[in-house]
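First up is the structure itself, then whatever we jot down about it.
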Amino acid sequence: MSKTSNINRVDGFAKVTGSATYSAEYKTPGVVYACLVGSTIAKGRIKTIDTKKAEWAPGVLAVITHLNVDKPVGYQKAKDKHNFGQPLQIFKDDSVLYYDQPIALVIADTFERMQYAASLIKADYFKEEHSTELKKAADKEKKVDTDKGNDYHRGIQDGYKNAEVILEAEYTIPTEVHNPMELANIIAKWEGNKPILYTKSQGVEGTRKSVAGVFGIQAEDVEVHSEYLGGAFGMGLHTWPYEIAALIGAKKLNRPVKLVLHREQMFTNVGFRPYTIQKMGLGATKAGKLTGLTHEAVAMTSSYEDFMEGTVNMSRFIYDCENVSTRYRIIPLDTCTPIWMRGPGEATGSFALECAMDEMAYKLNLDPIEFRKLNYAEKDLEQNKPWSSKYLLECYEGGMERIGWKNRKNEPGSVKEGNWLVGYGMGTGTFGCYRSPTSVKAKFLPDGNLVLQCSVNDMGPGTATMMTAIGAEITGLPVENVIIEMGKSGLPKGPTQGGSATTSSVGSAVHDSCNLLVSKALELATQNPTFKGIAITDLTFANGLIAAKNDNSKSIALTSLLAENKLEGLEVENLSKGAEEAKKYSIYSFSVHFVKVLVNPNLGKIRLAHVVSCADIGTVINQKTSAGQMYGGAVGGIGMGLMEALEIDHRFGRPINNNFADYHVPVNADIEKQEVFFVNKKDPISNPMGTKGLGETALVGMAPAIANAVFNATGKRVRDLPITLDKIIETVKV
Amino acid sequence: MKNFQIIRALSSGSAVTNISKESSAMFIAGGTNLVDLMKKNVTAPDKLIDINGLDLKKIEFLKGKVSIGALAKNSQVAEDSSIKEKHPLLALALAAGASQQIRHMATVGGNMFQKTRCSYYYNTDMPCNKRNPKSGCGAIGGANRMHAIFGASESCIAVHPSDMCVALAALDANVLVEGPKGKRQIKFTDFHRLPGNTPEKDTTLENKELITSVEIPDNNFTKNVHYLKVRDRTSYAFALVSVAVALDLKNNVINNVRLAMGGVAHKPWRLTEAEEFLKGKTVSEEIFKQAANLAMKGAKSYGDNDFKLTLAPNAITEALTIAASK
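First to last, the sequence lines map onto chains A and B. For what it's worth, the numbering used here labels the leading residue of the first sequence as 1, then goes sequentially. For what it's worth, the numbering used here labels the leading residue of the second sequence as 735, then goes sequentially.
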């Protein structure tokens, strides 16, 4: 364990004391307040929109609709509707494509006056028949010819059908929303033709490009600040219509405009995990060897964008199976476009796959772990490559030990504690390890501090802390001497924070830049009389002191070296890319979630008595922030398993539980004991630190673990999430 | 939200006088529900009479009863040591409601005016006879998982969301009110009403009346009591079904019993027939099950809430069993 592997979150103090500045909190002289008014129908056209009362209300500066908007020039050259990342073009015309679609922007001098004026806007519509129910829109199912959309076959197509033992089952997950505590928010302003945004984004560079596209300007001319995020979970991966609306308003008034979505709008306007129906077909020998696996998914998208995710991909490689088929289809519905939500695709897919594996284990009368071990994949059969590293077995062992798997009995309902039925379940998770080209500038200041700069931002996992730790490790400086500058444009270009790739991408870039910077400092030192005749390889750098390896008496402080050379600092900016060598390997993180539930079958009450999450994520850079991510991801998976569902009243095409009182996420009292555990073994291939990814795999596999535990406790197989109490108790209609 | 005036009342008399002058004036105490409703434009009063300055916060143990001021905070009552000792059922029900932060703000009187959590009531674009009479009931044929199985009508199947009120109904409390016509007393079980054709009226309180206190007569329900709240998460969720049980046992024989349910009707639902059945009987699972079945007479479900027909009797049996075993 290195000296930095357990450091505190470097921005923790700023966050808990309120001194961290989130987007809408920037002090902006002359700022005015805006909100969006949404449509009250799910599909149709605006017949009339009455904005007069709002315009005449006190303090109102502007009301913008499709009738009076100055359309951004990018609207004209928008690509066809099947282009990814082509969001709804706000106020483009009179069409209404989903419920609560913004139809007006109201700007006033105070927050209260803006709110009141917004309540005065009334619209009439030409209503059209809407379609919001996936199960009733099968006729609109379509195959999209992309990497994600193409069918996959290995061996015999649907080969599971020829097996000795066959399992076929259908699984459903409802729409889930990200809804981080920090609402979607922006302060937008213009300096001439150059926009400045303080906004909630997971990728500064991505936001620059999107905004540039809409307004027909260069990405380099877009200034974006997104230093702190109060969570995002994927919703910050898109540039949303509200951001464009604020920019349109700011341009019209030539004043800074602040726009914060209402909590209700967070359920309707900034994406969600799509409702998905999955069909599994598993075939095995009586001895427990998988011979065929077919995984089909049908997911919702919006009418104007084809959103797809890797729902069926895990089934192609996670188990050793000769015949594998996957199919993925989407169905356009009258809603906002979905967007990646933590563990995107895999979280949905693992629910179907890992429940089906559990069901098959029961058919074969095998322990679920035993069944998985019988089908352990020694290499990635999809890519036909060796794993860079795989410690999945260690995750199984660690979890079994901690949860007390030996107390599990295969017969459902056969273990009791008092009046409670006891059940144990597990589910496997995985996520690819990606690495994006990233630039980091590393700079020694005259005072000896190290500054690390990158435009990457930190939605919560502890990116700044990770950068600090790696920078301190490489330079030998105390962590207190490392200063991080991040989350804004103009800094060396970092990646979007997503896909569990930040540490691999940015951490590697910090690693490389700091190594180069240390070399540069040592190079400078060789020219200093102190080290006359000593080769650079015989110098060390630690704690701000350059010294000769073999002669303690010869040393010079970095600060003195810089002063003697009259330098304002010493810096290196370097672009890091992954090595070609990595392409020869299949690089994945693995996780296993274990759950012990207690069930009262009369009340349908499910208690999470014990939850253990184990992961193989390569090297753990920071125990605290990693554990924090794992706890949080696991809790997200628990929400998916037991509570979360955006309920739609399809008669109206609108959600009915779009608030935090009715859309449930777990509370502390729901989880009685929770543990996390990392294998913490370096991956030899992934990147210089040997890390893999964590954020996604922390959630993937939890929902099936719960469903499997509930079955073990009760004998009830719930295949449609969430597992609410009504699905446990016997329902009789009177 | 709409601009409004707020004035602070100095006495209950002046509060009543003030509210009488304005057609759309409302009292505000903790504001934990009203402010939400105002933000969502469900309720839009021109004037609020702030009654928080009134001397109505005391919990007083008088001869034969306890008097709880209408402005006593939910947390204050739940944590009062004498209430815990003499009326533990009330303390349990209060602690099961909302969150600690909300309980610190919410008052006893205000809690009685909690509006239903029916989604159609809260969304002003949806039909709802309670919010907008004659606009229809969105919940019938719609999302009605939370909704009533007892006493509903064709105009409304909403439920009353309070936990506290279920306990007060079980404990035969009385509500003391002051209005333009003077003071009067209302039986707690008569305070809330069934929807009928006028679901816009939640209570039998007359126009401009102010609740000043709630009184609970002394009883022997100090040990074998339980408040079972069945909900979708362990804290901060409204009841799908809740059961308040108070047993007075002598050698395992039920000397006296009170039973009420929450989350099943437009008002706290007292189970008088089941109570009568249980009186004088010896505690047993079988007896509890029979009582639960009796309690379900006349129950009717609406689709999403079909499960309550099973859950409710199971919850009654469970709550009785737990109370009896204390």
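Cβ coordinates follow ideal geometry from the N, Cα and C atoms, glycine included.
Mind pulling the chain A residues with CB within less than 8 Å of residue i?
{"i": "B:PHE847", "result": "In chain order: nothing, as chain A lies at least about 17 Å away."}
{"i": "B:LEU1045", "result": "LEU603, GLY604, LEU725, ASP726 and ILE729"}
{"i": "B:PHE1022", "result": "Neighbours of B:PHE1022 on chain A: none; closest Cβ ~12 Å, over 8 Å."}
In chain A, which residues lie with their C-beta within 7 Å of the C-beta of residue i?
{"i": "B:GLY876", "result": "ASP649 and ARG651"}
{"i": "B:ASP859", "result": "THR40"}
Under 9 Å Cβ-Cβ, which residues of chain A neighbour residue i?
{"i": "B:ASN863", "result": "Going along chain A, no residue has its Cβ under 9 Å from B:ASN863, so there is no contact; the nearest lies around 16 Å."}
{"i": "B:ARG851", "result": "ALA661 and ASP662"}
Using the beta-carbon of each residue, which ones in chain B are nearer than 9 Å to residue i?
{"i": "A:ASN269", "result": "Those do not exist, as A:ASN269 stays about 16 Å from chain B at its closest Cβ, beyond 9 Å."}
{"i": "A:GLN115", "result": "MET735 and LYS773"}
{"i": "A:PRO461", "result": "What A:PRO461 touches in chain B: nothing, since even the nearest Cβ is about 26 Å away."}
{"i": "A:PRO666", "result": "ARG967 and THR968"}
Below 7 Å on C-beta distance, what does residue i contact in chain B?
{"i": "A:ASN602", "result": "ASN1048 and GLU1052"}
{"i": "A:ALA669", "result": "THR968 and SER969"}
{"i": "A:MET643", "result": "ASP966 and ARG967"}
So with Cβ pairs under 7 Å, would you call residue i a contact of chain A?
{"i": "B:PHE1041", "result": "yes"}
{"i": "B:ALA1058", "result": "no"}
Could you tell me whether any Cβ in chain B is nearer than 7 Å to the Cβ of residue i?
{"i": "A:ILE656", "result": "yes"}
{"i": "A:VAL734", "result": "Here the model assigns A:VAL734 a pLDDT of 39, short of 50, so the residue's position is not dependable, and the following value carries that caveat. So yes, A:VAL734 belongs to the interface."}
Output, in chain order, the set of chain B residues within a Cβ distance shorter than 8 Å of residue i.
{"i": "A:PRO174", "result": "The contacting residues do not exist; A:PRO174 stays about 13 Å from chain B at best."}
Problem - Positions along the region 219-239 of chain A whose CB lies within less than 9 Å of some CB in chain B - result: Answer in chain order: no residues at all.
query: Can you list the beta strand (DSSP E) stretches of 3 or more residues lying completely in the region 4-45 of chain A, in chain order?
result: With a minimum length of 3 residues, the unbroken runs of beta strand (DSSP E) contained wholly in the region 4-45 of chain A fall at 32-38.
Within the region 76-142 of chain A, ranges of the alpha helix (DSSP H) (whole runs, at least 4 residues): Within the region 76-142 of chain A, complete alpha helix (DSSP H) segments of at least 4 residues are found at 111-119, given in chain order.
Whole runs of the beta strand (DSSP E) within the region 135-191 of chain A, excluding any shorter than 3 residues: Restricted to the region 135-191 of chain A, the beta strand (DSSP E) segments that are unbroken, complete and at least 3 residues in length are 152-154, 165-173 and 185-191, listed in chain order.
Check your understanding: Just checking, does the region 877-887 of chain B make contact with the region 926-936 of chain B on the three C-beta pairs under 8 Å criterion?
Key -> At 8 Å Cβ cutoff, the stretches touch.
Item to complete: Residues of the region 967-980 of chain B with a CB closer than 9 Å to any CB of chain A: list them in chain order, please.
Response: Along the region 967-980 of chain B, the positions whose C-beta sits under 9 Å from a C-beta of chain A are ARG967, THR968, SER969, TYR970, ALA971, PHE972, LEU974 and VAL975, read in chain order.
Members of the region 939-967 of chain B that neighbour chain A once the beta carbon cut-off is set at 9 Å | Cβ contacts with chain A: LEU962, VAL964, ARG965, ASP966 and ARG967.
Q) Do three or more CB pairs link the region 186-195 of chain A to the region 369-379 of chain A at distances below 8 Å? A) Note that the region 186-195 of chain A does not touch the region 369-379 of chain A; fewer than 3 beta-carbon pairs, one per stretch, sit closer than 8 Å.
Worksheet item: What residues in the region 117-136 of chain A bring their beta carbon closer than 9 Å to a beta carbon of chain B?
Response: Correct list: SER119.
**Asked** Fully enclosed by the region 522-604 of chain A, which alpha helix (DSSP H) runs are 4 residues long or longer?
**Response** The region 522-604 of chain A contains, as complete alpha helix (DSSP H) runs of 4+ residues, the segments 558-564 (chain order).
Inset, instruction - Mind checking the region 918-940 of chain B against chain A and listing, in chain order, the residues whose C-beta falls within less than 8 Å of any C-beta there? - result: Cβ contacts with chain A come from no residue of the region 918-940 of chain B.
> With a cut-off of 8 Å, do at least 3 Cβ pairs link the region 297-313 of chain A to the region 384-398 of chain A?
Replying inline: Taking 8 Å as the limit for Cβ pairs, the verdict is that the region 384-398 of chain A does not touch the region 297-313 of chain A.
| task | List in chain order: all unbroken alpha helix (DSSP H) runs of 4+ residues lying wholly within the region 742-797 of chain B. | result | Within the region 742-797 of chain B, the runs of alpha helix (DSSP H) at least 4 residues long that lie entirely inside it are, in chain order, 746-754 and 768-773.
| task | Could you tell me whether the region 714-729 of chain A touches the region 646-655 of chain A, where touching means 3 or more Cβ pairs closer than 8 Å? | result | Output reads no: the region 646-655 of chain A does not touch the region 714-729 of chain A.
Entirely enclosed beta strand (DSSP E) segments - the region 971-1031 of chain B, minimum 3 residues: Here the runs fully enclosed are 975-984 and 987-996.
- Contact between the region 588-602 of chain A and the region 691-707 of chain A: three or more CB pairs below 8 Å? Yes, they touch.
Quiz item: Does the region 560-580 of chain A come close enough to the region 432-450 of chain A to have 3 or more Cβ pairs within less than 8 Å?
Solution: The count of Cβ pairs closer than 8 Å, one atom from the region 560-580 of chain A and one from the region 432-450 of chain A, reaches three, so the stretches are in contact.
Exercise. Counting only runs of 4+ residues fully inside the region 827-874 of chain B, write out the alpha helix (DSSP H) ranges in chain order.
Key: Taking only runs of at least 4 residues, the alpha helix (DSSP H) segments lying wholly in the region 827-874 of chain B are 834-839, 842-845 and 853-856.
- request: Kindly confirm or deny that the region 662-674 of chain A and the region 395-414 of chain A touch, where touching means at least three C-beta pairs closer than 8 Å.
  value: Taking one beta carbon from each stretch, the region 662-674 of chain A and the region 395-414 of chain A have fewer than 3 pairs nearer than 8 Å; the two do not touch.
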